[in-house]
Amino acid sequence: MSSTSSTAAPATTLRTDAQLIGLVGLAHAVSHFSQLILAPLFPWLKDAFNVSYTELGAVLTVFFVVSCIVQAASGFIVDKLGPRPVLFVGLGALGLAAFGYAMAQSYWMLLACAVVGGIGNGVFHPVDYTLFNRKVAPTRLGHAYSVHGITGSLGWALAPAFVVPIAIAFSWRVALASAGVVAIVVLLILWIYRSVLALDAAAVHKATGHGEPTPVGGEFDFLRIPAVWMCFGFFFFYAAVISVVQTFAPVAAGHLHAVPVALVAVCLTVYMVASAAGMVVGGFLASDPSRCERIVGAGFGVAAALALVLAFAQFPPVMVPVLFGAMGFVSGIAGPSRDLLVKKSTPPNATGRVYGVVYAGLDIGQAVAPLVFGRLMDAGQYTSVIVGLALVQGVLIASAFNVRRVRRTALVPASA
Numbered sequence: 002m003s004s005t006s007s008t009a010a011p012a013t014t015l016r017t018d019a020q021l022i023g024l025v026g027l028a029h030a031v032s033h034f035s036q037l038i039l040a041p042l043f044p045w046l047k048d049a050f051n052v053s054y055t056e057l058g059a060v061l062t063v064f065f066v067v068s069c070i071v072q073a074a075s076g077f078i079v080d081k082l083g084p085r086p087v088l089f090v091g092l093g094a095l096g097l098a099a100f101g102y103a104m105a106q107s108y109w110m111l112l113a114c115a116v117v118g119g120i121g122n123g124v125f126h127p128v129d130y131t132l133f134n135r136k137v138a139p140t141r142l143g144h145a146y147s148v149h150g151i152t153g154s155l156g157w158a159l160a161p162a163f164v165v166p167i168a169i170a171f172s173w174r175v176a177l178a179s180a181g182v183v184a185i186v187v188l189l190i191l192w193i194y195r196s197v198l199a200l201d202a203a204a205v206h207k208a209t210g211h212g213e214p215t216p217v218g219g220e221f222d223f224l225r226i227p228a229v230w231m232c233f234g235f236f237f238f239y240a241a242v243i244s245v246v247q248t249f250a251p252v253a254a255g256h257l258h259a260v261p262v263a264l265v266a267v268c269l270t271v272y273m274v275a276s277a278a279g280m281v282v283g284g285f286l287a288s289d290p291s292r293c294e295r296i297v298g299a300g301f302g303v304a305a306a307l308a309l310v311l312a313f314a315q316f317p318p319v320m321v322p323v324l325f326g327a328m329g330f331v332s333g334i335a336g337p338s339r340d341l342l343v344k345k346s347t348p349p350n351a352t353g354r355v356y357g358v359v360y361a362g363l364d365i366g367q368a369v370a371p372l373v374f375g376r377l378m379d380a381g382q383y384t385s386v387i388v389g390l391a392l393v394q395g396v397l398i399a400s401a402f403n404v405r406r407v408r409r410t411a412l413v414p415a416s417a
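Numbering-wise (our numbering), the sequence shown opens with residue 2 and increments by one.
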């Protein structure tokens with residue numbers, strides 16, 4: 002088991018932890034917010050640039066592929082330089098990308114801005130979890146992970162509610178420029194409270210209780226730990242679930258149950274808000290790390306069962322958002338325990354690197370899932386979309402317990 006759980010600063014207090022958790026959560030919300038500022042505006046962008054939905058989808062693929070590469074690399078940078086400067090660069094890049102989208106005069110400019118946005122998005126998980134694992138008291142880590150997940154879900158929920166009304170009232174360019182302002186304002190807030198985020202490389206090494214810069218062996222020795230790759234696979238499938246829910250599942254369910262378009266649009270917001278509520282509960286359950294795999298299994302097991310009900314049962318259209326809400330709630334409960342899976346597999350002084358590689362699975366999953374499930378949607382196989390969602394949730398359960406199986410046997414030889 003990682004020793005990071007015991008490396009929080011000894012002088013930590015509830016107030017300092019709350020400040021740190023709040024600031025990191027705010028930054029994380031902007032990351033998720035920025036991931037979804039383009040998709041709700043696709044109808045406007047399609048006409049403005051005379052492109053297809055497939056071409057617009059490629060913009061998001063570029064965003065997440067770049068984010069994946071940067072996420073893996075930024076973990077090493079965080080371990081070397083500390084998380085704060087990397088966080089500031091990430092927020093600045095997200096703001097710059099949004100302003101670039103707003104000023105784009107061609108489809109290729111959108112792609113270029115997606116590269117910038119992907120660079121900004123890729124830094125957050127290594128930064129966030131390094132700050133949490135090094136500075137937050139172990140007894141409050143479950144709540145830190147809970148807030149982190151909640152703010153991410155709220156960032157996703159806020160994006161369409163923010164950009165679409167502005168686009169309707171003014172234009173899509175004003176909407177995207179406004180999104181850029183949001184990122185810059187949050188960057189300024191974090192700059193004002195930058196002392197809370199301070200954690201230089203020397204402090205990181207000191208916090209681990211080891212004098213050597215790489216106590217787990219070489220720079221890349223953590224890559225030989227099987228549990229790290231099992232966590233990578235887990236997050237790949239987790240991202241596929243999120244991608245399907247965000248992109249296709251509400252529309253597919255709408256076709257299956259004759260749900261009005263306005264009600265279909267509500268499903269994602271209901272899912273995200275309910276997921277945030279579930280994470281509050283999950284934060285308390287995650288106070289005991291020994292049961293994190295069981296919590297993940299139970300949460301996604303119920304979610305998979307609800308997805309099958311959505312696929313095969315007959316019920317009034319008004320029940321579809323209710324089922325999405327229930328699915329979001331139980332998935333949210335699993336969220337903080339999901340993050341503990343990674344922490345328990347992280348060797349000393351490799352937090353940034355491990356989280357960078359593991360959470361790169363999120364970006365790859367979000368890049369691949371639309372290609373697979375998009376074909377099912379184009380073929381009108383709406384039931385298959387929902388069943389596929391349930392199957393991936395089932396894979397998550399197996400992945401979580403497989404992480405537990407390989408963890409204990411892998412950490413000892415890898416750190417010897």
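Even for Gly, the Cβ is constructed at its ideal location relative to N, Cα and C.
### Task
For Gln72, count neighbouring Cβ atoms within 10 angstroms of its own Cβ and tell me buried if that reaches 16, exposed if not.
Of the other Cβ atoms in all chains shown, 16 or more fall within 10 Å of the Cβ of Gln72; this residue is therefore buried.
### Query
Apart from the five residues on each side of it in sequence, which residues of its chain come closer than 7 angstroms, Cβ to Cβ, to Leu159?
Residues of the same chain with a CB within less than 7 angstroms of the CB of Leu159, apart from the 5 flanking positions on each side, are Phe34 in chain order.
### Query
Does the beta carbon of Leu111 fall short of 7 angstroms from some heavy atom of the ligand PLP?
Questions concerning the ligand PLP fall outside what the structure shown contains, since it holds no ligand whatsoever.
### Query
Between which two residues does the alpha helix (DSSP H) carrying Ser35 extend?
First-last of the alpha helix (DSSP H) with Ser35: Leu15 to Gln36.
### Query
Under three-state DSSP, which class holds Tyr194?
The DSSP-derived three-state label of Tyr194 is coil.
### Query
Given Cys69, which residues of its chain have a CB within under 6 angstroms of its CB, disregarding the five upstream and five downstream residues?
Setting aside the 5 residues that flank it on each side, Cys69 is surrounded in the same chain by Ala361, Asp364 and Ile365, each with a C-beta closer than 6 angstroms to its C-beta; the list follows chain order.
### Message
Could you check whether the segment 169-179 touches the segment 31-45, counting it as contact only if at least three pairs of C-beta atoms, one from each stretch, sit closer than 8 angstroms?
### Response
Yes: at least three Cβ pairs fall under 8 angstroms.
### Task
Determine contact between the segment 279-294 and the segment 133-146, defined as no fewer than three beta-carbon pairs at a distance below 8 angstroms.
Segments in contact, yes.
### The alpha helix (DSSP H) enclosing Arg339, as first and last residue numbers
DSSP places Arg339 inside the alpha helix (DSSP H), whose first and last residues are Met320 to Lys344.
### Query
Within the chosen definition, does the segment 54-65 reach the segment 177-196 through at least 3 CB pairs nearer than 8 angstroms?
Taking a cut-off of 8 angstroms on C-beta distances, the segment 54-65 does not touch the segment 177-196, as fewer than three cross pairs fall below it.
### Message
Is it buried or exposed, Gly212, if we count other Cβ atoms within 10 angstroms and call 16 or more buried?
### Response
Residue placement at Gly212 is flagged as unreliable, the pLDDT there being 41, under the threshold of 50; a coordinate-derived value is accordingly withheld.
### Task
Report the residue ranges of all beta strand (DSSP E) runs contained in full by the segment 219-255; include only those spanning at least 3 residues, in chain order.
Segments of the beta strand (DSSP E) lying fully in the segment 219-255: there are none.
### Query
Taking C-alpha atoms, which residue in Val262, Met378, Ser276 and Asp289 lies nearest to Gly329?
Comparing Cα-Cα distances from Gly329 to each of Val262, Met378, Ser276 and Asp289, the minimum goes to Ser276.
### Message
Judging by CA-CA distance, which residue of Met104, Leu341, Ala368 and Ile193 is the nearest neighbour of Ala401?
### Response
Nearest of Met104, Leu341, Ala368 and Ile193 to Ala401, Cα basis: Leu341.
### Query
What's the C-alpha gap between Val116 and Leu188?
When rounded, the distance between both Cα atoms is 20 angstroms.
### Query
Under a Cβ-count criterion, where at least 16 other Cβ atoms within 10 Å of its own Cβ denotes burial, should Thr248 be classed as buried or exposed?
Classification for Thr248: buried.
### Query
Run through DSSP, which three-state label would Ser385 get?
In this structure, Ser385 counts as helix in the three-state DSSP scheme.
### Message
What does the Cβ neighbour count give for Ala312, buried or exposed, with the cut at 16 atoms within 10 Å?
### Response
Burial call: buried.
### Message
Looking at the secondary structure, which residues open and close the alpha helix (DSSP H) in which Ser68 lies?
### Response
Tyr54 to Leu82 is the span of the alpha helix (DSSP H), which, as asked, contains Ser68.
### Message
Does the contact criterion of 3 or more C-beta pairs under 8 angstroms hold for the segment 373-389 versus the segment 287-297?
### Response
When C-beta atoms of the segment 373-389 are compared with those of the segment 287-297, fewer than three pairs fall below 8 angstroms, so the two segments do not count as touching.
### Task
Would you kindly work out how many angstroms separate the C-alpha atoms of Asn51 and Met110, rounded to a whole number?
Spanning the alpha carbons of Asn51 and Met110 requires a straight line of approximately 14 angstroms.
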